[in-house]
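Down below is the structure, laid out as structure tokens.
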Amino acid sequence: MNWQWFHRLGSPRWFYEKTTGWVPWIMLVTFSLLVVGMVWGLAFAPVDYRQGNSYRIIFLHMPVAVLSMAGYYAMAIAGAVGLIWRMKMAFIVMVSTAPVGAVLTFLALVTGSIWGKPTWGTWWIWDARLTSVLVLFFLYMGVIALQQAYQNRDAADKACAILSLVGMVNIPIIYKSVDWWSTLHQPATIKMVGQSTIDPSMKYPLLIMIAGLYAFFTLAVILYTRIEVLRRESRSQWVSDLLTQSTPKRG
Amino acid sequence: MQQSLLQGFISHLQRDFRVVARHKLDLLNPLVFFTLAVSLIPLGLGPDKKALALLAPGIVWIMALLASLLSLEALFRSDYEDGSLEQILISPQPLYFVVLAKLLVHWCATGLPLTLMSPLLGMLMSLPEEGYLPLMSSLLLGTLSMTLIGGIGAALTLSARRSGLLLSLIVVPLYIPLLIFGASAVQTAIDFSQYQMQLAVLGAMAALGSLAAPFAIMGALKISQE
Chain A
2 MNWQWFHRLG SPRWFYEKTT GWVPWIMLVT FSLLVVGMVW GLAFAPVDYR
52 QGNSYRIIFL HMPVAVLSMA GYYAMAIAGA VGLIWRMKMA FIVMVSTAPV
102 GAVLTFLALV TGSIWGKPTW GTWWIWDARL TSVLVLFFLY MGVIALQQAY
152 QNRDAADKAC AILSLVGMVN IPIIYKSVDW WSTLHQPATI KMVGQSTIDP
202 SMKYPLLIMI AGLYAFFTLA VILYTRIEVL RRESRSQWVS DLLTQSTPKR
252 G
Chain B
514 MQQSLLQGFI SHLQRDFRVV ARHKLDLLNP LVFFTLAVSL IPLGLGPDKK
564 ALALLAPGIV WIMALLASLL SLEALFRSDY EDGSLEQILI SPQPLYFVVL
614 AKLLVHWCAT GLPLTLMSPL LGMLMSLPEE GYLPLMSSLL LGTLSMTLIG
664 GIGAALTLSA RRSGLLLSLI VVPLYIPLLI FGASAVQTAI DFSQYQMQLA
714 VLGAMAALGS LAAPFAIMGA LKISQE
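Heads up: the sequence lines are chains A and B, in that order.
The opening residue of the first sequence carries number 2 in this note's numbering; numbering runs sequentially from there.
The opening residue of the second sequence carries number 514 in this note's numbering; numbering runs sequentially from there.
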């Protein structure tokens with residue numbers, strides 16, 4: 002089997018040069034998916050018979066919440082790849098995923114509590130899902146804080162990879178225990194709209210929004226990664242060549 | 514070969530116990546904090562026995578968690594600073610057993626005393642009588658997991674700047690399942706006189722932790738020498 006692509010992936014320079022061409026296309030896909038999903042979901046999807054128009058925030062809330070989880074796994078897997086194959090690039094991706102994931106998790110919390118106000122009559126309840134997303138946010142913040150606290154960048158990368166792997170093992174345990182705790186303390190008085198009970202007319206825009214958010218996540222991670230590549234390789238020849246090439250064009 | 518493995522494990526145990534015995538005040542500090550923090554609750558909320566009894570399981574558990582958190586910083590710190598950690602890392606002894614010995618000593622020096630102290634604090638919080646045994650047994654298993662999980666955080670933050678606050682930030686989210694099951698073991702024992710399920714879960718967490726956590730700690734300790 003030809004492993005050349007795998008070794009190429011390990012080179013920050015190769016990644017930077019390749020993605021330069023990809024970025025406009027991913028941007029196009031992201032924005033068209035998000036615009037179609039948003040317009041369909043906010044303007045054309047039918048009104049919910051119980052929640053009225055306020056349910057429409059699901060088209061933002063649910064995709065963001067899905068991505069906040071997927072982002073953590075992406076970060077941990079990137080960290081594992083970096084630890085196992087000692088790949089510089091994987092650590093750069095891991096470091097760039099953390100802030101994107103943390104922001105998405107924060108957005109999930111904010112949109113969730115905005116949705117909670119008209120539906121449940123309160124900004125915050127100690128519901129199992131809300132609590133576990135909050136814990137997820139703390140896990141992200143831990144990884145970011147650890148990254149910032151090291152002076153040695155290689156050590157920081159490896160430490161963050163270990164921490165995100167430990168977090169990944171713990172996420173199912175935390176979720177299950179919070180779930181169990183919440184059902185014990187407050188019997189299910191409020192049920193969120195389950196994914197399976199959703200009407201097709203609402204499901205399709207939702208699926209488009211989820212796809213759009215995945216594309217957005219990919220885009221954001223690639224952009225962050227490109228900046229991080231430049232930052233880390235700032236002393237190398239190809240970066241200074243890149244800079245000297247691009248300056249006359251702008252000027 | 515096996516003989517020497519065991520000997521190495523025992524000699525590490527002996528060394529760490531000796532270090533603990535020569536710093537007796539360090540042993541006392543988490544316990545004093547535990548008592549102090551619990552005694553703040555009645556001062557803040559008023560001495561009403563019924564209200565205190567309602568809060569007792571959660572409060573004692575939370576304070577035990579914080580006390581254990583405070584003791585973590587010292588787990589590898591002195592070994593890191595005087596260079597013995599480096600010697601341990603380059604020695605031919607398998608690191609797994611060294612880490613296990615260190616964790617065991619740390620638990621004996623903090624988790625076990627916290628557990629033994631807990632009935633006294635339950636009394637200060639006027640915990641109902643049915644709660645004492647569940648409190649002790651859940652803390653016995655829970656503090657073991659706290660040492661195991663906290664060890665990962667302590668090892669990861671060894672060579673970081675301002676590690677104290679960072680350590681709490683990393684470790685507390687991972688402590689959440691312990692708190693949920695530990696406090697609920699005491700609560701359901703008081704309400705329904707049943708707590709086997711929660712104890713079983715806490716035991717499972719301690720078992721899983723003692724298998725997996727040393728590997729994460731080993732990796733983190735190696736990083737600290739870079």
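For each residue, glycine too, the CB sits at the ideal point set by N, CA and C.
Using 8 Å as the threshold, is the C-beta distance between residue i and residue j below it?
i              : j              : result
G664 (chain B) : I730 (chain B) : yes
L578 (chain B) : S681 (chain B) : no
A740 (chain B) : L558 (chain B) : Coverage of chain B is limited to positions 514 through 739, which leaves residue 740 (chain B) absent and any answer about it impossible.
M636 (chain B) : I572 (chain B) : no
G11 (chain A)  : M88 (chain A)  : yes
I93 (chain A)  : V230 (chain A) : yes
L526 (chain B) : A622 (chain B) : no
Which residues in chain B have a C-beta closer than 7 Å to the C-beta of residue i? List them in chain order.
i              : result
G143 (chain A) : L682, I683, P686
K159 (chain A) : I736
N171 (chain A) : L687
Rounded to whole angstroms, what's the CA-CA distance from residue i to residue j? Just pull it up for me.
i              : j              : result
L207 (chain A) : G42 (chain A)  : 7 Å
S631 (chain B) : L568 (chain B) : 15 Å
M142 (chain A) : S591 (chain B) : 27 Å
A162 (chain A) : A79 (chain A)  : 8 Å
I172 (chain A) : L137 (chain A) : 8 Å
Q196 (chain A) : T31 (chain A)  : At Q196 (chain A), the pLDDT of 45 sits below 50, so the modelled position is not reliable; the number obtained from the coordinates is stated separately. Their Cα atoms are separated by approximately 23 Å.
R236 (chain A) : Q246 (chain A) : 16 Å
A473 (chain B) : A156 (chain A) : Outside the displayed span of chain B (514 to 739) sits residue 473 (chain B), for which this structure offers no information.
L140 (chain A) : A91 (chain A)  : 20 Å
L648 (chain B) : P641 (chain B) : 11 Å
L721 (chain B) : L654 (chain B) : 12 Å
V40 (chain A)  : Y73 (chain A)  : 29 Å
R57 (chain A)  : D128 (chain A) : 21 Å
H62 (chain A)  : L131 (chain A) : 12 Å
F547 (chain B) : Q52 (chain A)  : 48 Å
Y205 (chain A) : F218 (chain A) : 20 Å
V611 (chain B) : R528 (chain B) : 11 Å
Interface residues of chain B around residue i at Cβ under 8 Å?
i              : result
A156 (chain A) : S672, I736, S737, E739
W182 (chain A) : I693, S697
Y151 (chain A) : S672, A673, R674
Given that residue i touches chain B, what residues does it touch there, using C-beta distances under 9 Å?
i             : result
L43 (chain A) : Going along chain B, no residue has its Cβ under 9 Å from L43 (chain A), so there is no contact; the nearest lies around 34 Å.
Give me the chain A residues within the contact set of residue i, using Cβ-Cβ distance strictly less than 7 Å, ordered along the chain.
i              : result
P690 (chain B) : I174, I175, S178
L679 (chain B) : A146, L147, A150
L669 (chain B) : L147, A160, I163, L164
Could you tell me which chain A residues have their CB closer than 9 Å to the CB of residue i, listed as they occur along the chain?
i              : result
I665 (chain B) : I163, L164, V167
Please compile the residues from chain A whose C-beta is within a distance smaller than 8 Å of the C-beta of residue i.
i              : result
A729 (chain B) : I163, L166, V167
G732 (chain B) : L84, K159, I163
Residues of the stretch 707–727 of chain B whose Cβ lies closer than 9 Å to any Cβ of chain A, in chain order: Listed by position, the residues of the stretch 707–727 of chain B near chain A (Cβ gap below 9 Å) are V714, M718, L721, A725, A726.
The stretch 124–139 of chain A: positions lying closer than 7 Å to chain B by Cβ: The residues in question are V136, F139.
Three-pair Cβ contact test at 8 Å for the stretch 542–552 of chain B versus the stretch 239–246 of chain A: They do not touch, by the three-pair rule.
Under 8 Å (Cβ pairs) to chain A, residues found in the stretch 579–608 of chain B: Answer in chain order: no residues at all.
Members of the stretch 568–579 of chain B near chain A, C-beta cut-off 8 Å: Cβ contacts with chain A: none found.
Contact set between the stretch 645–664 of chain B and chain A, restricted to residues whose Cβ is under 9 Å from the partner: Answer in chain order: I662.
Three or more C-beta pairs below 8 Å linking the stretch 657–671 of chain B and the stretch 612–621 of chain B: The stretch 657–671 of chain B is in contact with the stretch 612–621 of chain B.
Stretch-stretch touch, CB-based, cutoff 8 Å, three pairs: the stretch 695–710 of chain B with the stretch 668–685 of chain B: No, because fewer than three Cβ pairs between the stretch 695–710 of chain B and the stretch 668–685 of chain B fall closer than 8 Å, the two stretches do not touch.
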